[in-house]
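Q: Sending over a structure as structure tokens; questions will come in a sec.
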Amino acid sequence: YTSKRYSVKRGDFSCLEDRDIVFFKHLLDKNRVLTDPFDLEKYNVDWLKTVRGKSACVLKPRTTKEVSEIMRYCNEKKLAVVPQGGNTGLVGGSVPVFDEIVLSTELMTRFRISENNPAVVIAQAGCVLEKLDTALNQHNLMVPLDLGAKGSCHIGGNVSTNAGGVRVLRYRNLHGSVLGLEAVLADGTIFNGLSTNLKDNSGYDLRHLFIGSEGTLGVVTRVAILCSLRPKSVTTCLLAVPDFESLLKVFVVAKQRLGEIMSACEFMDSDSVACAKRNLGIEPPIQSRLYALLETHGMDSNHDEEKVDGFINQVMKEGLITDGILTSEPSKMKKLWEIRERLAEALRKEGYTYKYDVSLPFASFYKIVEVMRKRLPKTVITCCGYGHLGDNNLHFNVTTKEFDPTVLTRIEPFLYEYTKRCFGSISAEHGIGFKKRNYLYYSKNPAFVHMMAETKRTLDPNGILNPYKVLPDFEA
Ligand code: FAD
Ligand code: 2HG
Ligand code: ZN
Numbered sequence: 067y068t069s070k071r072y073s074v075k076r077g078d079f080s081c082l083e084d085r086d087i088v089f090f091k092h093l094l095d096k097n098r099v100l101t102d103p104f105d106l107e108k109y110n111v112d113w114l115k116t117v118r119g120k121s122a123c124v125l126k127p128r129t130t131k132e133v134s135e136i137m138r139y140c141n142e143k144k145l146a147v148v149p150q151g152g153n154t155g156l157v158g159g160s161v162p163v164f165d166e167i168v169l170s171t172e173l174m175t176r177f178r179i180s181e182n183n184p185a186v187v188i189a190q191a192g193c194v195l196e197k198l199d200t201a202l203n204q205h206n207l208m209v210p211l212d213l214g215a216k217g218s219c220h221i222g223g224n225v226s227t228n229a230g231g232v233r234v235l236r237y238r239n240l241h242g243s244v245l246g247l248e249a250v251l252a253d254g255t256i257f258n259g260l261s262t263n264l265k266d267n268s269g270y271d272l273r274h275l276f277i278g279s280e281g282t283l284g285v286v287t288r289v290a291i292l293c294s295l296r297p298k299s300v301t302t303c304l305l306a307v308p309d310f311e312s313l314l315k316v317f318v319v320a321k322q323r324l325g326e327i328m329s330a331c332e333f334m335d336s337d338s339v340a341c342a343k344r345n346l347g348i349e350p351p352i353q354s355r356l357y358a359l360l361e362t363h364g365m366d367s368n369h370d371e372e373k374v375d376g377f378i379n380q381v382m383k384e385g386l387i388t389d390g391i392l393t394s395e396p397s398k399m400k401k402l403w404e405i406r407e408r409l410a411e412a413l414r415k416e417g418y419t420y421k422y423d424v425s426l427p428f429a430s431f432y433k434i435v436e437v438m439r440k441r442l443p444k445t446v447i448t449c450c451g452y453g454h455l456g457d458n459n460l461h462f463n464v465t466t467k468e469f470d471p472t473v474l475t476r477i478e479p480f481l482y483e484y485t486k487r488c489f490g491s492i493s494a495e496h497g498i499g500f501k502k503r504n505y506l507y508y509s510k511n512p513a514f515v516h517m518m519a520e521t522k523r524t525l526d527p528n529g530i531l532n533p534y535k536v537l538p539d540f541e542a
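Everything in the sequence shown is counted per the numbering used here, starting at 67 for the first residue and increasing by one.
Now the structure itself:
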């Protein structure tokens, strides 16, 4: 269990009793209260299979009112609760550490277009991102968010982690597109901030407290998301780039030549791609040391084509690429994206993944992957870098057959120290969760962390909501 590997002490919470189960079965129906160990398994283990709790109870509310009743009861009884969406989180935030009750949003799947604003969808927390996006197609809208886990992650989980994904450089993050939000606080109070206004400066903008707070301040129950119009013309290109310096130049030319139609600028190195080939049998149609994966979203294919041609001609003329594939055909675009989107899955197949998700300035961006290759022992299977180049977001990953503490100590805290020295962030998009809580000081100063802890104490005085997550064990 997680608590053993990470030597964390259980908080002073009550233990679940039979009468609690009776209460929950009375509140929900018995099918929505899971207690069978077989049924509980998938809720107790994270996607990476590196963090495991031993919850004896999963609750599946359908409405905000039910969430409120659950929280009111748990707060009175001092029972700890972990909110869980699609359980695709990568920092151990979505699973219990000990015996916390799992509050799953998987039955909260309703959504509607707002009556006040036809570009706004109001969705319950449990809507699966891809399903929601597909349903919005008939309204000619799209969710302004796309990530590899779209087939499983929930919109409530996305908002609670302020998920990034591959299109942040064009559509910004959820702090921009979530116009309103409803959440249930630890004591059951319903925070109603479900505004659909594009502009609203009447008072503190409290919705932002719940965006990215990883279930520690409230259970997000509904969100109002400003959607984007679906693009009429989409192009994807995969480019073979010989070195990192050329990659940066490709990005600069892309900004200049593609301008407002660029919707993604991703990168992968050859070690990442080799891992996908080894473990999933997928590989790009071109070979290179580094790859850039770019996408455009536009409304006029002639206009977009002209821009893309101008971009390709310039990067070729400047000798920045050695090969490339360009396509607007949906199935071909999907194939190119698949390589990038399935890297996390490919790495997981190798055994244990040491996963890092840092913001770094370009001057120090890829250097750290090269430095790390020299620091790590030969037992490492893969040591690779990929990520959201356009957002200065590096995904640095290392794998070994099994968890090896010596590999971990070669990476941590070295990588965090490096990130701090470069004024980067130890979490660009995955969050702090359970695994990174005691490294928070590498990105936030003690006064900042103190204010976070005070906010937590104000909203959740008993500390029952997602304990052992985000906040460090000790205040500096
Ligand atoms: P969960 O994993 O269930 O939970 C994540 C956190 O949010 C936990 O702390 C949980 O307690 C909390 N939470 C969940 N629902 C609620 C709620 N309703 N109210 C309050 N708290 C809640 N992340 C990115 O940012 N960008 C990516 O590109 C990206 N790609 C990924 C690709 C793959 C293949 C995988 C496996 C993961 C990827 N992730 C990415 C990480 C993950 O998908 C995101 O963090 C996602 O937003 C989590 O959503 P979820 O519903 O699975 O949440
Ligand atoms: C991605 O961008 C996800 O693919 C996962 O954020 C990153 O596997 C990772 O480290
Ligand atoms: Zn990512």
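Built from N, CA and C at the ideal position, the CB exists for glycine as well.
Assign C293 to one of two classes, buried (16 or more other C-beta atoms within 10 Å of its C-beta) or exposed (fewer than that).
A: Looking at its Cβ environment, which holds 16 or more other Cβ atoms inside 10 Å, C293 is buried.
Q: Does the Cβ-Cβ distance between I291 and V209 come in under 8 Å?
A: Against a cut-off of 8 Å, the Cβ pair of V209 and I291 comes out as a contact.
Q: What does N463 pair with, by DSSP beta-bridge criteria?
A: Answer by DSSP bridge pairing, in chain order: K421, C450.
Q: Alpha carbon to alpha carbon, how far is Y505 from G497? Give it in angstroms, no decimals.
A: Rounded to whole angstroms, G497 to Y505 spans 12 Å at the Cα level.
Q: Would you mind working out which of C81, E166, A122 sits nearest K535, comparing C-alpha positions?
A: Nearest C-alpha to K535: E166.
Q: Let me know the secondary structure DSSP gives R296 once reduced to three states.
A: Coil.
Q: Looking at the unbroken beta strand (DSSP E) that takes in S73, where does it start and where does it end?
A: Segment: none, S73 is in no beta strand (DSSP E) and carries neither H nor E.
Q: Count the other CB atoms, across all protein chains shown, that sit within 10 Å of the CB of K502; report buried if there are 16 or more and exposed otherwise.
A: Label assigned to K502: buried.
Q: Looking at L82 and R145, is the spacing between their C-beta atoms short of 8 Å?
A: In the sequence under discussion, the amino acid at residue 145 is Leu, which differs from the Arg named in the question. For L145 and L82, yes; Cβs fall inside 8 Å.
Q: Hey, would you say the C-beta of G499 is under 7 Å away from at least one heavy atom of ligand 3?
A: False, no ligand heavy atom lies under 7 Å from that Cβ.
Q: Taking Cβ to Cβ, would you say I378 is nearer than 8 Å to L392?
A: Yes, these two residues count as a Cβ contact at 8 Å.
Q: Taking only three categories from DSSP, how would you classify L335?
A: Inspection of the sequence shows that residue 335 is occupied by Asp rather than by Leu. DSSP places D335 in strand when its eight states are reduced to three.
Q: Of the choices E372, L409, D86, whose alpha-carbon is the least far from that of G451?
A: It is L409.
Q: Quick check on the DSSP output: what are the complete alpha helix (DSSP H) runs of length 4 or more inside the stretch 95 to 182, in order along the chain?
A: The stretch 95 to 182 contains these whole alpha helix (DSSP H) runs: 103 to 110, 130 to 143.
Q: Where DSSP assigns a beta bridge to H363, which residues make up the other side?
A: Paired residues: V300.
Q: Please return the same chain residues whose Cβ sits closer than 8 Å to the Cβ of T282, not counting the five positions on each side in sequence.
A: Only K522, D526, L531, N532, K535, V536, L537 meet the Cβ criterion.
Q: Is I348 buried or exposed, if buried means 16 or more other CB atoms sit within 10 Å of its CB?
A: So I348 counts as exposed.
Q: Closer than 7 Å to a non-hydrogen atom of ligand 1 - does that hold for the CB of Q190?
A: Every heavy atom of ligand 1 is 7 Å or more from the Cβ of Q190, so no.
Q: In angstroms, rounded to a whole number, what distance separates the CA positions of M334 and L247?
A: Rounded to the nearest angstrom, the two C-alpha atoms are 35 Å apart.
Q: Could you check where the beta strand (DSSP E) with E248 kicks off and where it finishes?
A: Looking at the DSSP string, the run of the beta strand (DSSP E) that includes E248 is 244 to 250.
Q: How big is the Cα-Cα spacing for K510 and K216?
A: In a straight line, the C-alpha of K510 is about 30 Å away from that of K216.
Q: Quick check: what's the CA-CA separation for H92 versus K126?
A: The alpha-carbon atoms of H92 and K126 are separated by roughly 13 Å.
Q: Assuming contact is defined by CB atoms lying nearer than 8 Å, are D212 and G231 in contact in what I supplied?
A: Yes.
Q: By DSSP, does Y534 sit in helix, in strand, or in coil?
A: Of the three classes helix, strand and coil, the one that applies to Y534 here is coil, per DSSP.
Q: Classify L474: buried if its beta carbon has 16 or more other beta carbons within 10 angstroms, exposed otherwise.
A: Under this definition L474 is an exposed residue.
Q: If contacts are defined as beta-carbon pairs under 8 Å, then L360 and C449 qualify, I think. What distance do you get, rounded to the angstrom?
A: No, L360 and C449 are not in contact; Cβ-Cβ is about 25 Å, not under 8 Å.
Q: At which residues does the beta strand (DSSP E) containing F480 begin and terminate?
A: No beta strand (DSSP E) contains F480, which is instead part of the alpha helix (DSSP H) from 480 to 487.
Q: Within this structure, are the beta carbons of L305 and A358 separated by less than 8 Å?
A: Closer than 8 Å, so yes.
Q: Can you tell me whether H461 sits near ligand 3, meaning its C-beta is under 7 Å from at least one heavy atom of the ligand?
A: Flag set: Cβ of H461 near ligand 3.
Q: Identify the residues that DSSP records as bridge partners of G259: which are they?
A: Paired residues: L247.
Q: Please classify L207: does DSSP put it in a helix, a strand, or coil?
A: L207: strand per DSSP, three-state reduction.
Q: Take R236 and list the residues in its own chain whose beta-carbon comes closer than 6 Å to its own, dropping the five residues that flank it on each side.
A: S329.
Q: Can you tell me whether DSSP reads L356 as helix, strand or coil?
A: In this structure, L356 counts as strand in the three-state DSSP scheme.
Q: For F257, count neighbouring Cβ atoms within 10 angstroms of its own Cβ and tell me buried if that reaches 16, exposed if not.
A: So F257 ends up on the buried side.
Q: Please go through the stretch 374 to 413 and give each complete beta strand (DSSP E) segment of 3 or more residues, from N-terminal end onward.
A: The qualifying runs are 389 to 393.
Q: Taking a contact to mean a Cβ-Cβ separation below 8 Å, would you say T362 touches L313 in this structure?
A: For T362 and L313, no; Cβs fall outside 8 Å.
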